[in-house]
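These protein sequence lines map, in sequence, to chains A and B.
Going by numbering that gives the first Met the number 0, the letters in the first sequence line up with residues 0 to 301, in that order.
Going by numbering that gives the first Met the number 0, the letters in the second sequence line up with residues 0 to 430, in that order.
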Amino acid sequence: MTYLALVFPALKNRRLPLTRDQLMLLMAAFNEIMLGVDTYLAHVLNQTILWREWIPIIFGPLAGGLLLIAGLVALRNRLLAARLATLVFLASIVVGVLGASFHLIRGILPTAPVGSRVTIPLLIWAPPILAPFAFAGIGVLGMSAAFRETPPDSGTLEVGRTRRLHMPYSKTRAYLFLISLGILATLLSSAFDHGRTGYTNPWLWAPIIVGVFATAVSAGLGAIRQPNKGDILTYLVAIGLLILAGIVGGLLHVQTDLAGESVIVPERFLRGAPFLAPLLFANMGLLGIIALLSPVETPASD
Amino acid sequence: MQENSADRSQTGRLLVLGVVSVVIVLGLVLVIQAVTAVSPTAAEPEAVNVLANSNDDCVTCHRNATPGIVEQYGHSSMAGAEVTCRDCHEVSADYPDAVAHEGTFVLASPTAAKCEACHQAEVAQFNQSRHSIPAYVAYAGEEILTPEQAAAYHAIPEGGYVQEKMKARNSLHAMEGPAITRFACETCHNVGKPASDGSIGQCQDCHLRHEFSLEQARKPETCNACHIGPDHPQWEIYQESPHGIAYATNGDTWNWEAEPGTLAVTDFPAATCALCHFSGFGSTGTTHDVGDRLTWFLASPISERRPSWQDNKVRMQGVCLECHNQNFLDTFYNDADLAVEQVNQWVAESDQIMAPLQENGLLTAAPFDEPIDFTYFELWHHWGRTAKFGTWMQGPDYVQWHGAYEILSDLAELREEANQRLEAAGLEAGE
């Protein structure tokens with residue numbers, strides 16, 4: 000079922016040059032590269048990038064490159080490409096979990112007085128515990144995209160030449176659940192980061208409202224077996240708001256970082272409001288739109 | 000028909016779910032805020048002693064031997080970042096000035112080389128500054144430097160620019176002797192003393208051990224430790240300046256722990272020493288080179304423009320422009336330049352008064368052995384500098400009564416003394 004066609008019937012027979020899964024994998028590759036860049040910018044602040052901090056910095060672009068190669072391999076051998084991509088995504092999950100554990104350890108004061116070892120302010124001021132999970136999130140999402148679902152929307156994945164994996168939900172619904180989780184992580188990350196300001200700026204509540212709304216709506220749409228036009232419309236509004244929040248947030252962050260007379264001082268961009276962070280909302284919005292595309296594997300050119 | 004009706008009834012279900020979720024979350028936030036009475040601005044994590052329950056060998060032993068240091072370090076952000084005592088103090092056995100200590104080798108006072116392991120940019124900026132080797136040379140003289148240090152010294156603006164008359168200060172250091180200078184000149188000027196390992200300077204002079212607090216380093220009182228007194232009364236000038244008055248009035252409410260590189264007028268509504276000379280603020284980036292934003296060599300007897308002073312001016316004005324407009328700054332800079340040139344003229348006049356005495360051998364060869372030497376020295380070293388610093392930092396009393404007035408007084412004294420000596424020698428007196 001093409002969810003988008005419920006709202007826009009004209010799209011029912013329209014196909015894009017790339018399939019939904021190919022677009023998801025492209026987005027995953029792009030995200031891996033950007034995560035590497037973002038991790039570098041965040042870690043370069045203290046001038047000392049330890050060996051373990053190089054892991055995500057190197058892994059991000061490397062994973063992105065490997066996924067693009069897998070995309071090319073897929074033109075000749077889909078299964079091989081899926082396995083290569085799966086390996087990359089498994090590694091991405093490991094990198095994410097490892098990073099989160101490093102951040103968590105860094106945020107705990109093991110020899111401080113009991114009661115001060117783990118505190119909310121530390122969660123706000125210490126390295127963001129959720130941030131590395133972005134690698135894990137992309138890993139899980141990518142693995143979902145790597146294997147063909149046959150027949151479309153059946154929840155049955157081709158994991159080998161003859162092997163089939165029966166999932167409890169269709170790929171579309173699985174995407175929606177994962178996107179909901181991704182939005183939730185983005186929302187929490189933003190809420191903790193903005194916590195440093197004490198929320199004195201009322202605009203800082205906007206990403207919270209949009210994030211909660213989009214999280215609930217995405218999860219809700221995933222939970223519905225047969226959504227109707229109203230459901231899709233509501234979801235599209237939520238996705239639109241996410242993209243808007245991302246773009247406006249990015250501009251507001253840049254505006255905050257611009258010094259007097261709009262002069263660009265690099266350290267303000269590195270140490271001030273992270274200009275890439277709000278774009279994560281827009282990123283989740285884009286993934287949310289892709290999830291609604293037709294699950295049929297054959298691209299238009301076929 | 001029935002299906003359509005059901006479909007219509009479910010049209011807004013996701014919308015309801017989304018809106019209800021938002022309402023629940025916002026409601027929870029409000030309840031939490033009401034219960035915990037969250038302050039309008041988020042407080043940074045309270046400075047708990049992160050070493051309170053540490054069983055690290057250094058901490059355990061020094062908790063008894065030097066508990067103050069352990070207590071201070073436990074509250075530092077460095078300890079919070081898991082930087083251990085060993086990271087800064089422990090060195091190899093053959094490291095210069097290494098001391099055997101409890102089965103290992105340590106530096107009693109870590110050098111800038113140890114700080115540089117994590118703070119490369121800061122140390123590099125510092126090494127280019129007047130706080131570096133020039134501060135040390137000011138009392139110790141240039142001759143004591145190794146060829147490498149001398150080369151580094153001459154690459155620094157102040158190192159390449161020392162007027163002959165300034166070297167008198169080295170004579171004072173020699174005259175006073177180590178019993179005094181150890182508690183006097185050296186206390187401040189060792190900020191740029193080379194260490195045995197080849198690194199330069201003492202970061203801990205400004206970043207006091209062992210808390211390494213941002214607030215402490217940023218507060219004007221830290222600069223006051225050295226920039227005080229008749230030869231460079233920046234602390235006194237600051238106190239009477241509008242910036243200093245703002246600090247005295249509301250400084251306790253400023254955001255002293257703000258993240259470096261993100262400072263704004265909301266954190267610091269008025270200038271401090273650090274804000275103008277070091278902090279990233281407005282369009283100007285953070286630096287540890289104290290001369291990076293200065294236009295003149297104000298400490299010199301006759302001030303000249305610094306190399307790249309136009310660039311420095313742009314950087315300083317990048318800070319000023321957060322509160323002042325360009326017209327104000329242009330007028331202020333033009334007027335202050337004129338004041339510097341006026342002081343230059345007076346100092347040049349003192350040189351002209353002294354020149355015939357020097358040419359005719361009417362002064363003793365030894366420095367600081369007769370009153371006229373002190374008058375001639377104080378004219379530029381105390382009052383000339385004070386008038387110039389007072390001008391740029393907006394301390395009128397220090398431009399006037401502790402500056403210009405004293406210069407004029409000393410000029411009159413010099414003139415009279417010089418004429419008496421010339422007449423006594425049968426030479427024509429000056430005007």
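Where is the CB? At the ideal position from N, CA and C, for every residue including glycine.
Quick caveat, the model's predicted, so the values are computed rather than measured.
In the three-state reduction of the DSSP assignment, B/Ala183 falls in the coil class, being assigned neither a helical nor a strand state. Restricting attention to B/Gln351, B/Trp308, B/Asp96 and B/Ala46, the CA atom closest to the CA of B/Asp336 is found in B/Trp308. Shortest Cα-Cα distance from A/Ile246 to any of A/Lys228, A/Val216 and A/Leu275 involves A/Leu275.
In its chain, beyond the 5 residues on either side, Pro219, Ala269 and Thr271 have a beta carbon closer than 7 angstroms to the beta carbon of B/Tyr246. Annotation note: the stretch 104-184 of chain A contains the following uninterrupted alpha helix (DSSP H) runs of length 4 or greater, listed N- to C-terminal: 119-124 and 132-145.
In the three-state reduction of the DSSP assignment, B/Arg217 falls in the helix class, which pools H, G and I. Per DSSP, the continuous alpha helix (DSSP H) segment holding A/Ala69 begins and ends at Trp50 to Val72. The stretch 151-168 of chain B makes no contact with the stretch 88-101 of chain B, as fewer than three CB pairs between them are under 8 angstroms. Here A/Phe280 is near A/Leu241, since their CB atoms are less than 9 angstroms apart.
Leaving aside the five residues that flank A/Leu5 on each side, the residues in its chain whose CB is nearer than 6 angstroms to its CB run, in chain order, Lys228 and Ile231. Chain order gives no chain A residues near B/Gly200, where near means a beta carbon separation below 9 angstroms; the closest approach is about 18 angstroms. Under a 10 Å Cβ-count criterion, B/Ile143 is classified as exposed, with fewer than 16 other Cβ atoms of the shown protein chains found around its own Cβ. Around the beta carbon of B/Gly197, a 10 Å sphere encloses fewer than 16 other beta carbons of the protein chains shown; the residue is thus reported as exposed. If you check each beta-carbon in the stretch 270-294 of chain B against every beta-carbon of chain A, the ones closer than 9 angstroms belong to Gly279, Phe280, Gly281, Ser282, Thr283, Gly284 and Thr285. At a cut-off of 9 angstroms between C-beta atoms, B/Gly360 does not count as an interface residue with respect to chain A. Using beta-carbon distances, A/Ile242 does not count as an interface residue toward chain B, since no partner is under 9 angstroms.
Using a Cβ distance threshold of 9 angstroms, A/Phe58 and A/Ile92 do not count as a contacting pair. By the neighbour-count criterion, in which 16 or more other beta carbons inside 10 Å mark a residue as buried, A/Tyr2 falls on the buried side.
Assignment of A/Val43 by DSSP, reduced to helix, strand and coil, places it in the helix class. In this chain, the beta strand (DSSP E) harbouring B/Phe104 covers Thr103 to Val105. Annotation: the continuous alpha helix (DSSP H) that includes B/His153 extends over Pro146 to Ala154. The beta carbon of A/Tyr234 sits closer than 9 angstroms to some beta carbon of chain B. Going by DSSP, A/Ala4 is part of the alpha helix (DSSP H) stretching over Tyr2 to Val6. Cα atoms of A/Val295 and A/His252: separation of roughly 39 angstroms, rounded to the nearest angstrom. Taking a C-beta distance under 9 angstroms as the contact criterion, A/Pro277 and A/Ala237 do not qualify as a contact pair. Between A/Ser217 and A/Gly138, the C-beta gap is not smaller than 9 angstroms, which leaves the two residues out of contact.
Distance check between B/Ser349 and each of B/Thr390, B/Arg314 and B/Ile301 places B/Ile301 closest, using alpha-carbon atoms only. A/Ala84 and A/Ala222 have their C-alpha atoms spaced approximately 28 angstroms apart.
The beta-bridge partner set that DSSP reports for B/Thr283 consists of B/Phe280. Here A/Pro55 is buried. Its C-beta has 16 or more other C-beta atoms within 10 Å. Among the bridge pairs identified by DSSP, B/Val98 is matched with B/Val105. Under DSSP, B/Glu89 forms a beta bridge with B/Val105. Around B/Arg314, no beta-carbon contact reaches into chain A at under 8 angstroms, the shortest distance being about 11 angstroms. Within the same chain, Arg129 and Pro133 come within 6 angstroms of B/Glu157 by CB-CB distance, once the 5 residues on both sides are set aside.
Under DSSP, no beta-bridge partner is assigned to B/Ile352. For A/Ser169, the number of other beta carbons within 10 angstroms of its own is at least 16, and it is reported as buried.
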